[in-house]
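Data first, discussion second: the structure below is written as structure tokens.
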Amino acid sequence: MASIFRRLAAAVAAVLLAVGGYQAYRYYHRLVPVGDRRIDPRAEIDPRRGYHLVVWEHEVPLPWDAGAHRKALEEAIAEFRRAWPNIEVTLEVLPWQEGHARLREALAKGTPPDVYGMPLGARKVDAQWQVPVGPYLSKEARDDLLPSAVRALSDADGLWAWPRWVQPRVWVAREDLSPELARARPRWSGEEFAAAVAAVKTGSGAYGLALNPFDPSAFVELMVATTGKNLIGDDGTRAWSVEELARGLEFFRELIRRGLVDSDPDRMARSRLAWFWTRRAAVVAPVNPWLLRHLLTRGGVTGSGQGEEEEPGHLALAVPPPSLSTGRGPGRHPAVVSGYAVFRQQEYRGDDHTRAAMALAEHLSRRMGPWEAARLFAVPAHPSAWDGWRAEAGLPRKELDLLVEWARLAVAPPLADAFANVQEKAIETVLAPQFVKLWDGADPEALAREIAAGVDGLRAMVKQPY
Amino acid sequence: MSRLWPWVRIGAVVAVLLSLLCRAPVRAETVPAQTDPAAGCGPERALSLHTPPLTGIDVVELQERLKTLGFGPPAIDGVYGPETEAAVRRFQAAAGLEPDGVVGPATWAALGPDLTLPAASPPREKPEGEMMIVVDTHKLQLTLYVNGEPYKTYPVAVGRPNQFTLSPVGEWKIVHKARNWGGGFGTRWMGLNVPWGIYGIHGTNKPWSIGTRASAGCIRMFNRDVEELYEWVPTGTRVKIIGDLPGVSFDRQIVQGATGRDVVLVQLRLQELGFDAQGADGRFGPNSAAAVKELQRLYGLPVDGVVYEDVYYVLGLK
Chain A
1 MASIFRRLAA
11 AVAAVLLAVG
21 GYQAYRYYHR
31 LVPVGDRRID
41 PRAEIDPRRG
51 YHLVVWEHEV
61 PLPWDAGAHR
71 KALEEAIAEF
81 RRAWPNIEVT
91 LEVLPWQEGH
101 ARLREALAKG
111 TPPDVYGMPL
121 GARKVDAQWQ
131 VPVGPYLSKE
141 ARDDLLPSAV
151 RALSDADGLW
161 AWPRWVQPRV
171 WVAREDLSPE
181 LARARPRWSG
191 EEFAAAVAAV
201 KTGSGAYGLA
211 LNPFDPSAFV
221 ELMVATTGKN
231 LIGDDGTRAW
241 SVEELARGLE
251 FFRELIRRGL
261 VDSDPDRMAR
271 SRLAWFWTRR
281 AAVVAPVNPW
291 LLRHLLTRGG
301 VTGSGQGEEE
311 EPGHLALAVP
321 PPSLSTGRGP
331 GRHPAVVSGY
341 AVFRQQEYRG
351 DDHTRAAMAL
361 AEHLSRRMGP
371 WEAARLFAVP
381 AHPSAWDGWR
391 AEAGLPRKEL
401 DLLVEWARLA
411 VAPPLADAFA
421 NVQEKAIETV
431 LAPQFVKLWD
441 GADPEALARE
451 IAAGVDGLRA
461 MVKQPY
Chain B
1001 MSRLWPWVRI
1011 GAVVAVLLSL
1021 LCRAPVRAET
1031 VPAQTDPAAG
1041 CGPERALSLH
1051 TPPLTGIDVV
1061 ELQERLKTLG
1071 FGPPAIDGVY
1081 GPETEAAVRR
1091 FQAAAGLEPD
1101 GVVGPATWAA
1111 LGPDLTLPAA
1121 SPPREKPEGE
1131 MMIVVDTHKL
1141 QLTLYVNGEP
1151 YKTYPVAVGR
1161 PNQFTLSPVG
1171 EWKIVHKARN
1181 WGGGFGTRWM
1191 GLNVPWGIYG
1201 IHGTNKPWSI
1211 GTRASAGCIR
1221 MFNRDVEELY
1231 EWVPTGTRVK
1241 IIGDLPGVSF
1251 DRQIVQGATG
1261 RDVVLVQLRL
1271 QELGFDAQGA
1281 DGRFGPNSAA
1291 AVKELQRLYG
1301 LPVDGVVYED
1311 VYYVLGLK
């Protein structure tokens, strides 16, 4: 009898041990490793405890509405504080062209801000202090995110920032010079593009494309649309082969040879807007969000639609960079994906503090995403915000639909900070000086080899992605 | 007498140089400025019948005043012809002056004898603090600001409404002050650093013109008012002139060192768009170039600090 009890007790103890072990395993498994810490993402904000969060945000310059961005940020934070009165928030707005260096300094000291806004493209900056966002995403929150935004901000270890908006890079065309330009959207091949701009040249004598030859962004955008990849891939290696580079360069050389692009790079770089507005050029590239706003506003597109049916007769229309790909797939679109990153500090303040920072970052991404997207011709990362964004953006419905379509196909620069920096450096110091040589009659294949060697040399200097 | 003679000669040379400077204010510039060579306020000249006849806004102003007083020539055409001379002679005779048809200081003074100035408004105490003058050419008012707050407002006359005589819209500084130049400048003169001509805030011997658009671009005040303001504001005081700048073309590239009305408009537009050109003084210096570079960077244009064609488009000036 006694042996039965002993066996029973042993069995119960074994079960309890197994259950306890399993629970311990599950608990440990759901902890998020960040540097030397493992953070429990299920930790809750304690309403009885006071928190203090620091937000660093870059001021998005809106020359036509000075101070509006800061005001919107302050309102968003005030709204957060009404929901969480026990959480104090200190906002520091950083100048547009600074900030990242300051973040690096703070990371080196182990004192980054809790929340860091990255409007120029969110990145995984630091594996030791940056907290992955994925474990904090509820199913509902995940379902309300544009998949392309999640894809752009994720690597094998998870999602690294709260997506804010997706900004498809576009070129701008005059509809009145060539109806084909408008009909060719939302996607077109290199051949279709060349045929359309050649028709403009024949019909009106205008240049088909007015470029800034000293800025290779138009070339980069064509290459991303063609290959679906950035110059530097997620693994840190050069993603464009010499053959692909040569093909892209050959496309532009052919436009120059056929007189569809001006042969004088200096003149064109400084006069492309003038030509566009005086019907001497049909398409302008590259176009950043600020220039896009200038073009669409002056072209009568903004403020004309308010999300309703498109009105005819717009002078300027956003068009996608052409793709040289012969495949029949859905296509890819070059884009920038903005987001909010969350960091822990060396002096760790607790899992509930991290949870509070996540709550603030999520709130800012939902609140600032649509606000900024409406002003920068981007698409909010949260589809639930699209109705309000459509009303506020002041674009015709067709333009908004196109933006969404392009955003769904977004291909963003590398997530890893070091690789993204290599890409930026490569574009500035390798692509830019080589691209303009096309106007001197340089051979695309030789240029492609030069570019590949230059990019590989730069890449070799970076050992670690973070 | 012989000891004084060198000083008299020096004085005469200075007077001639000053006169030349007033007549041709922009010729020393090395960078082409978008200016009218006769821009600004020159010293008052004597008007009389000449061949060819004298013309100008001083003749217009004379004709208008004669007409108001009932002596007027039939046409206000800015030409000092025989009819204007006859009107002057009639006026001089009626005013007890020698009817010689020559309009000098005595005749100008006689043209406004019965004018009753509006009562001087308070405050009359010298203010303390940082001063700034704002001239609103639409309201025909000059307001003195102290520490950002309006302290006192005066009526003024501003430039006539054509592109060559409009008051210089922009942001300037008082760069020199002088007393009792007399004639058209009245009892006080405060010169502005406008690069394309001689402009200033001054008194007048034509008090009837205050509250109108009558000058060649300068800001005229009652002598009583300018004497008060003169004592209050130091050299270096900022003067902002608000108004229209019509007829400015944007055909040239603006590089560092350029001056002109087009530069003022570029600077004002840069400021409106949030790019700090640190003033709108019509001189395109390093601060303006830095602001242009910032704009070029933001809009993805070639960055060189030069206002070229596409920069005009982004600024909305073309």
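Protein sequence lines, in the order shown, are assigned to chains A and B. Residue 1 is where the first sequence starts when you use my numbering, and the numbers rise one by one after that. Residue 1001 is where the second sequence starts when you use my numbering, and the numbers rise one by one after that. We treat Cβ as the ideally placed atom computed from N, Cα and C, and that holds for glycine. Just so we're clear, the structure is a prediction, and the values are computed from it rather than from any experiment.
Please report the straight-line C-alpha distance between B:T1204 and B:R1090, rounded to a whole angstrom. Position 204 of the second sequence, counted from the start, is the residue given in the question as residue 1204 of chain B. Position 90 of the second sequence, counted from the start, is the residue given in the question as residue 1090 of chain B. Each residue's Cα considered, the two are about 24 Å apart.
For B:P1302, go through chain A and note every residue whose CB falls closer than 7 Å to its CB, in chain order. Numbered from 1 along the second sequence, position 302 holds the residue referred to as residue 1302 of chain B. Here the neighbours are N212, F214, A269 and R270.
Straight-line CA distance for A:P147 to A:R408? One-based indexing of the first sequence puts residue 147 of chain A at position 147. One-based indexing of the first sequence puts residue 408 of chain A at position 408. So the two alpha carbons sit approximately 7 Å from each other.
Work out the CA separation of B:E1061 and B:G1081 for me, nearest whole Å. Numbered from its first residue, the second sequence carries residue 1081 of chain B at position 81. Numbered from its first residue, the second sequence carries residue 1061 of chain B at position 61. About 14 Å.
For A:G394 and A:L317, the rounded distance between their alpha carbons: Counting from one through the first sequence, the residue named residue 317 of chain A turns up at place 317. Counting from one through the first sequence, the residue named residue 394 of chain A turns up at place 394. Cα to Cα, the separation comes out at about 14 Å.
With a threshold of 8 Å on Cβ separation, who are the neighbours of B:A1028 within its own chain once the five nearest residues in sequence on each side are excluded? To locate residue 1028 of chain B, count along the second sequence from 1; it is residue 28. Low per-residue confidence applies at B:A1028: pLDDT is 29, beneath 50, and the placement is therefore not dependable, though the value from the model is reported in the following sentence. Excluding residues within five positions, none has a Cβ falling inside 8 Å.
Since B:K1177 sits in a beta bridge, which residues does DSSP pair it with? Working through the second sequence from its first residue, we reach residue 1177 of chain B at position 177. Beta-bridge pairing links B:K1177 to B:M1190.
Could you tell me whether any Cβ in chain A is nearer than 8 Å to the Cβ of B:L1192? Sequence index remark: in the second sequence, residue 1192 of chain B carries index 192 (1-based). No, B:L1192 does not count as interfacial toward chain A.
In terms of residue numbering, what span does the alpha helix (DSSP H) encompassing A:I87 cover? By one-based count along the first sequence, residue 87 of chain A stands at place 87. Where A:I87 is concerned, there is no enclosing alpha helix (DSSP H), although the beta strand (DSSP E) it sits in stretches over I87 to L94.
One or two residues paired with A:F343 in a DSSP bridge: In the first sequence, the residue the question calls residue 343 of chain A occupies position 343. A:Q130.
Sheet register partners of A:S323 (DSSP bridge): As a first step, residue 323 of chain A must be located in the first sequence, where it is residue number 323. BP columns for A:S323 point to A:S189.
Beta carbon of A:P61, beta carbon of A:L222: below 8 Å? Sequence index remark: in the first sequence, residue 61 of chain A carries index 61 (1-based). Sequence index remark: in the first sequence, residue 222 of chain A carries index 222 (1-based). Against a cut-off of 8 Å, the Cβ pair of A:L222 and A:P61 comes out as no contact.
In the region 1258 to 1279 of chain B, which residues sit with their C-beta less than 8 Å from some C-beta in chain A, listed in chain order? Answer set for the region 1258 to 1279 of chain B: L1273, G1274 and F1275.
Using only the alpha-carbon positions, how far apart do B:G1236 and B:G1257 sit? Taking the first residue of the second sequence as 1, we reach residue 1236 of chain B at position 236. Taking the first residue of the second sequence as 1, we reach residue 1257 of chain B at position 257. B:G1236 and B:G1257: Cα-Cα distance of roughly 21 Å.
Considering just the uninterrupted stretch of the alpha helix (DSSP H) at B:R1089, what are its terminal residues? Your numbering for residue 1089 of chain B matches position 89 in the second sequence. Annotation: the continuous alpha helix (DSSP H) that includes B:R1089 extends over P1082 to A1094.
Using 8 Å as the Cβ pair cut-off and three pairs as the minimum, do the region 156 to 171 of chain A and the region 91 to 109 of chain A touch? no
Could you tell me the boundaries of the alpha helix (DSSP H) in which A:L211 lies? Against the first sequence, residue 211 of chain A aligns to sequence position 211. Segment Y207 to L211 is the beta strand (DSSP E) holding A:L211; no alpha helix (DSSP H) there.
Is B:D1244 near A:L273, with beta carbons less than 8 Å apart? Reading the second sequence from its first residue, position 244 is the one you call residue 1244 of chain B. Reading the first sequence from its first residue, position 273 is the one you call residue 273 of chain A. Cβ distance not < 8 Å, so B:D1244 and A:L273 don't count as in contact.
What residues in the region 269 to 288 of chain A bring their beta carbon closer than 8 Å to a beta carbon of chain B? A269, R270, S271, R272, L273, A274, W277, P286, V287 and N288
Using CA atoms only, rank isn't needed, just tell me which of A:H100, A:V462, A:G236 and A:W165 is closest to A:W406. By one-based count along the first sequence, residue 406 of chain A stands at place 406. Nearest C-alpha to A:W406: A:W165.
Rounded to whole angstroms, what's the CA-CA distance from A:G208 to A:V283? Just pull it up for me. Within the first sequence, numbered from 1, the residue matching residue 208 of chain A stands at position 208. Within the first sequence, numbered from 1, the residue matching residue 283 of chain A stands at position 283. Spanning the two alpha carbons is a distance of roughly 6 Å.
In angstroms with no decimal places, state the Cα-to-Cα distance between A:A374 and A:D65. Here residue 374 of chain A is taken as the residue at index 374 of the first sequence, counted from 1. Here residue 65 of chain A is taken as the residue at index 65 of the first sequence, counted from 1. Each residue's alpha carbon lies about 13 Å from the other.
Put A:P135 into one of helix, strand or coil per three-state DSSP. Residue mapping note: residue 135 of chain A aligns to position 135 of the first sequence, counting from 1. Of the three classes helix, strand and coil, the one that applies to A:P135 here is helix, per DSSP.
Based on DSSP bridge pairs, tell me the residues matched to B:P1155. For the purposes of this step, residue 1155 of chain B is taken as residue 155 along the second sequence, with counting starting at 1. In the DSSP assignment, B:P1155 is bridged to B:Q1141.
Looking at the unbroken alpha helix (DSSP H) that takes in A:G457, where does it start and where does it end? For this step, residue 457 of chain A is matched to residue 457 along the first sequence. Per DSSP, A:G457 belongs to the alpha helix (DSSP H) from P444 to A460.
According to DSSP, is B:D1251 part of a helix, a strand, or is it coil? What you label residue 1251 of chain B is simply residue 251 of the second sequence in a count that begins at 1. In this structure, B:D1251 counts as coil in the three-state DSSP scheme.
What does A:Q40 pair with, by DSSP beta-bridge criteria? Counting from one through the first sequence, the residue named residue 40 of chain A turns up at place 40. The question names Gln, but residue 40 of chain A is Asp in the sequence shown. The partner list for A:D40 (beta bridge, DSSP) is empty, contrary to what the question assumes.
Beta-carbon of B:V1158 versus every beta-carbon of chain A: anything under 8 Å? As a first step, residue 1158 of chain B must be located in the second sequence, where it is residue number 158. So, not an interface residue.
For A:R7, I'd like the list of residues in its chain whose CB is within less than 7 Å of its CB, leaving aside the five on either flank, ordered along the chain. Position 7 of the first sequence, counted from the start, is the residue given in the question as residue 7 of chain A. Close CB contacts of A:R7 within its chain, under the 7 Å cut and outside five residues either way in sequence, are absent.
Determine the contact status of A:R355 and A:A43, defining contact as a CB-CB distance below 8 Å. Counted from its first residue, the first sequence places residue 355 of chain A at position 355. Counted from its first residue, the first sequence places residue 43 of chain A at position 43. Their beta carbons are under 8 Å apart, which means A:R355 touches A:A43 by this criterion.
Between the region 124 to 136 of chain A and the region 247 to 262 of chain A, do at least 3 Cβ pairs fall closer than 8 Å? Verdict: no, contact absent.
Below 8 Å, can you find three or more Cβ-Cβ pairs linking the region 1216 to 1230 of chain B to the region 1178 to 1191 of chain B? The region 1216 to 1230 of chain B, when compared against the region 1178 to 1191 of chain B, does touch it at the 8 Å Cβ threshold.
Quick one, which of A:P265, A:L137 and A:R187 has its alpha-carbon nearest A:G215's? Taking the first sequence and counting its residues from 1, one reaches residue 215 of chain A at position 215. According to the sequence provided, residue 215 of chain A is Asp. The question's Gly does not apply to it. Among A:P265, A:L137 and A:R187, the Cα nearest to that of A:D215 is on A:P265.
Contact set for A:D456: own chain, Cβ-Cβ below 7 Å, skip 5 residues either direction: As a working mapping, residue 456 of chain A is identified with position 456 in the first sequence. Excluding residues within five positions, the ones whose Cβ falls inside 7 Å are R238.
Give the DSSP-derived three-state secondary structure of A:D144 in the structure shown. Taking the first sequence and counting its residues from 1, one reaches residue 144 of chain A at position 144. The answer is coil: DSSP assigns A:D144 none of H, G, I, E or B.
Should B:V1292 be flagged as near chain A, meaning a C-beta pair shorter than 8 Å? The count along the second sequence starts at 1 and reaches residue 1292 of chain B at position 292. False, the Cβ-Cβ gap to chain A never drops below 8 Å.
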